[in-house]
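Residue numbers (the working numbering): 36 to 314.
Structure record follows, encoded as structure tokens.
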DNA sequence: CGGCATCCCTGGGAGC
DNA sequence: TGCTCCCAGGGATGCC
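Given below as structure tokens:
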């Protein structure tokens with residue numbers, strides 16, 4: 036599922052359910068997802084209190100008492116569901132946290148991580164290590180934060196001979212953009228996905244930066260994009276799928292000029308664009 | 001360092 | 001209906 040907007044919908048759903056609440060029970064159904072889970076994960080989580088729920092790129096960072104962070108990445112097929120009664124666990128429900136107002140109070144919520152392909156991952160580490168964490172330390176700025184601008188894009192694209200589409204997917208340059216929103220942002224900026232990243236400067240960089248921000252914000256408003264796996268934690272689908280201009284629309288008319296949308300493969304991933312508007 | 005191919009894994013849909 | 005094949009929103013890794 037999950038690019039920045041989908042992960043943000045997860046964060047927004049989790050925050051009010053978790054903050055200042057305790058883990059009264061923890062079920063961990065296997066010892067690895069993409070990588071081995073932290074040893075004794077269930078025991079380490081039991082009795083802990085959540086302080087706040089943040090997001091960084093495509094990661095959810097759940098802050099725990101004792102200055103720890105519970106990190107979650109949903110990979111390609113992961114989803115979080117929140118229930119108020121104990122749900123039956125399915126084959127791919129790997130982790131369930133029982134949430135309560137105190138470690139021994141009766142449950143208020145059940146938070147379940149489902150991930151059929153198991154490309155997701157989970158870690159627990161001291162908050163002090165966040166900046167040095169292997170998976171976080173090289174991540175680029177948040178596109179919806181203060182560190183992102185056309186000037187930033189131009190700077191990180193400088194010298195890059197590869198296509199701008201690939202550069203947008205590079206989490207070290209900008210955090211949180213995945214295959215859907217890379218195509219969408221490029222369409223809204225009127226830039227071909229094949230254009231060499233280094234040539235996105237000046238007005239083009241301005242248009243792209245603005246399109247990235249606008250596209251991501253609109254998708255968050257709609258609860259993300261549901262193609263096959265993504266559901267919001269309350270079970271709602273993400274409605275941005277109805278607003279996709281090019282992604283998944285090969286052969287359909289461009290909404291601006293009616294030219295058929297084209298699909299190409301770049302570094303093994305599909306890209307969609309209008310050959311006329313994004314010449 | 002940049003760029004590309006490969007790999008991890010399961011399930012859904014297309015095509016026969 | 002049932003089988004096979006291909007594809008999928010992620011990123012680490014290793015090779016050139």
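Glycine is no exception: its CB is placed at the ideal position from the N, C-alpha and C atoms.
Here the structure is a predicted model, which is why all the values come from computation and not from measurement.
List the DSSP bridge partners of residue 116. 147
What are the boundary residues of the beta strand (DSSP E) that residue 106 is part of? 103-108
Could you give the distance in angstroms between the alpha-carbon of residue 153 and the alpha-carbon of residue 69? 6 Å
Does the stretch 117-129 come into contact with the stretch 196-203, if we say contact requires no fewer than three beta-carbon pairs (one atom in each stretch) closer than 8 Å? no
Start-end ranges of the alpha helix (DSSP H) lying completely within the stretch 191-230, minimum 4 residues: 199-204 and 214-224
Write down the C-beta distance between residue 211 and residue 150 rounded to the nearest angstrom, noting that I regard them as a contact closer than 8 Å. The pair is not a contact, with the Cβ atoms about 19 Å apart (cut-off 8 Å).
Per DSSP, what kind of secondary structure is residue 128 in: helix, strand or coil? strand
Measuring CB to CB, does residue 100 end up less than 7 Å from residue 83? yes
What's the C-alpha gap between residue 109 and residue 61? 19 Å
For residue 228 and residue 221, the rounded distance between their alpha carbons: 7 Å
How many angstroms separate the CA atom of residue 72 from the CA atom of residue 64? 11 Å
Decide if residue 269 is buried, meaning its Cβ has at least 16 other Cβ atoms within 10 Å, or exposed. exposed
With H, G and I counted as helix, E and B as strand and the rest as coil, what does DSSP make of residue 306? strand
Selected residue, minimal CA-CA separation from residue 131, among 51, 157, 137 and 111: 157
Less than 6 Å between C-beta atoms, sequence neighbours within five positions excluded: which residues of the same chain meet that for residue 40? 251, 254, 255 and 259
Using DSSP bridges, identify the partner residues of residue 255. In DSSP, residue 255 forms no bridge with anything.
List the residues that DSSP assigns as beta-bridge partners of residue 67. 71
Which word fits residue 261, buried or exposed, when buried means at least 16 other C-beta atoms lie within 10 angstroms of its C-beta? buried
Range of the contiguous beta strand (DSSP E) that encloses residue 91: 85-91
What number of angstroms, rounded off, separates the C-alpha of residue 37 from the C-alpha of residue 215? 10 Å
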